[in-house]
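A.B. asks: Plus 1043 on top of the position in the sequence shown (first one is 1) and you've got the working numbering.
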Amino acid sequence: MDRYLVFGHPVRHSKSPFIHTLFARQTQQELEYGLAEPAVDEFAQALRTFFEQGGKGCNVTVPFKEQAFTLVDHLSPRAKRAGAVNTIKLTDDGVLLGDNTDGAGLVADLKSHGVTLADSRILLLGAGGAARGALAPLLAELPSELVIANRTHAKAQQLAAEFCDLGHVTAQTYEQLAGSFDLVINSTSASLQGELPPLAPALIHTDIAIYDMMYGASDTAFISWAKQHGARQTMDGLGMLVEQAAEAFTVWRGIRPGTKQVLRELKRNLGVI
Ligand code: ATR
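1) Can you find the residues in the same chain that come closer than 6 Å, C-beta to C-beta, to L1281, ignoring five residues on each side of it along the sequence?
2) A1260: which of K1310, T1216, M1278 sits nearest, CA to CA?
3) In the structure shown, what three-state DSSP assignment does A1089 receive?
4) So does the stretch 1134-1151 actually touch the stretch 1067-1087, counting three or more Cβ pairs closer than 8 Å?
5) Over what stretch of residues does the beta strand (DSSP E) that includes T1277 continue unbroken?
6) Would the beta-carbon of T1231 be found less than 7 Å away from any heavy atom of the ligand ATR?
7) Is the distance from the Cβ of N1305 to the Cβ of L1065 below 8 Å?
8) Determine whether the beta carbon atoms of I1247 and A1274 lie at a separation below 8 Å.
9) Within this structure, are the beta carbons of V1103 and L1139 separated by less than 8 Å?
10) Measure the C-alpha to C-alpha separation of K1270 and T1277 and round it to an integer number of angstroms.
11) Say yes only if the C-beta of R1194 is nearer than 7 Å to one or more non-hydrogen atoms of the ligand COA, and no if none qualify.
12) Provide the residue span of the alpha helix (DSSP H) that contains E1109, from first to last.
13) Would the stretch 1192-1204 count as touching the stretch 1141-1149 if we require 3 or more Cβ pairs under 8 Å?
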């Protein structure tokens, strides 16, 4: 049976085996999908061994995405732009192809929630790996402006300079932010510590769409905060997780699974509904 897995550390709580097993059942593909948690300095060896032993493809998650970028034979254009690899496929010619489906997953999830990206004014919070992965797919939707704000302003400036060939993208400090945004995407890891990015409440209005790439059984700190200040449309990163997985599954198997039912089952599994 064709073997796939996700590399991460820690990875025990990954939802990827659950999601890909449902995709396989739905599309009647024969495959198994497991977990691997190598020590941080043993990832390269573990990856090599997996493919030597017949593995067909894998996902890569924190903290290995940047290292995976350096270990594959070929990079897709979107992986090159992201500077990170979350999906690897062994081709029929024995080539390890590195791809990144995170940004495509974000955009697909935003669209499935009915969010319009074309001509919109987008605020992206954070300038780490998650922000970098999202930039090219977001800019491909032709927003009127994309502003990056980050605690460490120099990192936002660096990202804006790197992606300015793809659209109107600028960096502003949290204090500089002004005017009306249509969509705020939180790519910071602040919610992990129950913290909030230092965003002025005045930027939140009833027609704004709020997206937090994090998720949990209950609202993230950022989503609770945005709701308190009047945001009516809030979305967490669970849909992005399922959509990036669907994109990876399509890369591996050449068949696109449906995501709605799987997302529902995942929510039930997490106790969200
Ligand atoms: P990831 O790969 O998930 O993006 P990362 O590269 O460690 O993770 O980046 C984390 C991002 O969250 C950074 O933009 C970080 O801001 P700094 O560049 O200033 O470190 C941001 N972040 C983390 N905790 C934060 C907090 N409490 N408030 C604001 N931003 C925070």
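Ideal Cβ positions, reconstructed from N, Cα and C, are used throughout, including at glycine.
C.D. replies: Taking the structure as given:
1) Position 238 of the sequence shown, counting from 1, holds the residue named residue 1281. Around L1281: Y1258.
2) Translated into positions along the sequence shown, residue 1260 becomes position 217. The shortest Cα separation from A1260 among K1310, T1216, M1278 belongs to K1310.
3) Counted from its first residue, the sequence shown places residue 1089 at position 46. Here A1089 sits in helix by DSSP.
4) no
5) Taking the sequence shown and counting its residues from 1, the one referred to as residue 1277 is at position 234. 1276-1279 is the span of the beta strand (DSSP E), which, as asked, contains T1277.
6) Counting from 1 along the sequence shown, the entry for residue 1231 is found at position 188. Yes - the ligand ATR has a heavy atom lying nearer than 7 Å to the Cβ of T1231.
7) Translated into positions along the sequence shown, residue 1305 becomes position 262. Translated into positions along the sequence shown, residue 1065 becomes position 22. Reading off the sequence, residue 1305 comes out as Val, not Asn. Taking 8 Å as the Cβ cut-off, V1305 and L1065 qualify as a contacting pair.
8) By 1-based counting over the sequence shown, the position of residue 1247 is 204. By 1-based counting over the sequence shown, the position of residue 1274 is 231. In contact: I1247 and A1274 (Cβ atoms closer than 8 Å).
9) To locate residue 1103, count along the sequence shown from 1; it is residue 60. To locate residue 1139, count along the sequence shown from 1; it is residue 96. Against a cut-off of 8 Å, the Cβ pair of L1139 and V1103 comes out as no contact.
10) Taking the sequence shown and counting its residues from 1, the one referred to as residue 1270 is at position 227. Taking the sequence shown and counting its residues from 1, the one referred to as residue 1277 is at position 234. Using only the alpha carbons, I get a separation of about 8 Å.
11) For the ligand COA, the structure offers nothing, since it holds only the ligand ATR.
12) For the purposes of this step, residue 1109 is taken as residue 66 along the sequence shown, with counting starting at 1. Looking at the DSSP string, the run of the alpha helix (DSSP H) that includes E1109 is 1108-1114.
13) no
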